[in-house]
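Student: Numbering-wise, the UniProt record's numbering puts 99 at position 99 of the sequence shown, and it's gapless, one number per residue.
Beta carbons: idealized from backbone N, C-alpha and C, even for Gly.
Computed from a prediction, not measured in an experiment: that's the story for all the values here.
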Amino acid sequence: MFRSSSVFRAALARPRRFSSFTHALSQPPSIHKPGPPPLPAEDQREFEELVRLAGRAPSAKSDVPPSELHPDAPRSPPPEFEGDVNPITGEKGGPKREPVKHGDWSHAGRVTDF
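#1: Is it true that the CB of K92 sits closer than 7 Å to the CB of V85?
#2: Give the straight-line distance between the Cα atoms of F2 and R9, rounded to the nearest whole angstrom.
#3: If we ignore side chains and look at the alpha-carbon of each, how far apart do P36 and D113 end up?
#4: By DSSP, does V51 sit in helix, in strand, or in coil?
Have a look at this one:
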């Protein structure tokens with residue numbers, strides 16, 4: 001226990017000589033970092049292309065025809081209108097079905113409550 005508050009304040013104000021923080025900053029950063037070895041140029045291009053393709057959002061439309069789907073597979077309801085302009089609201093490029101039906105948010109026939 002410190003006998004006076006001035007001794008305590010002086011102890012807090014003194015820098016620590018053997019601090020691990022100052023030791024970590026005094027060393028130059030390591031150039032050699034752990035990681036996989038570099039790929040050959042052709043393999044690197046292929047890898048980057050695969051990563052780019054995997055990062056894309058999946059397409060909204062399925063490539064499987066409806067006749068090949070399982071009978072219990074959920075099906076999207078038909079669009080409420082044809083074309084790019086909603087005849088009721090006049091919205092261009094909007095959703096083909098109204099997302100708020102009867103006061104509930106719905107998507108592909110499923111209602112969500114949040």
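Tutor: In this structure, then:
#1: Annotated as proximal: V85 and K92, with beta-carbon spacing under 7 Å.
#2: Annotation note: pLDDT 48 at F2 (below 50); position unreliable, no value reported.
#3: Each residue's CA atom was taken as its position, placing P36 and D113 some 45 Å apart.
#4: Helix.
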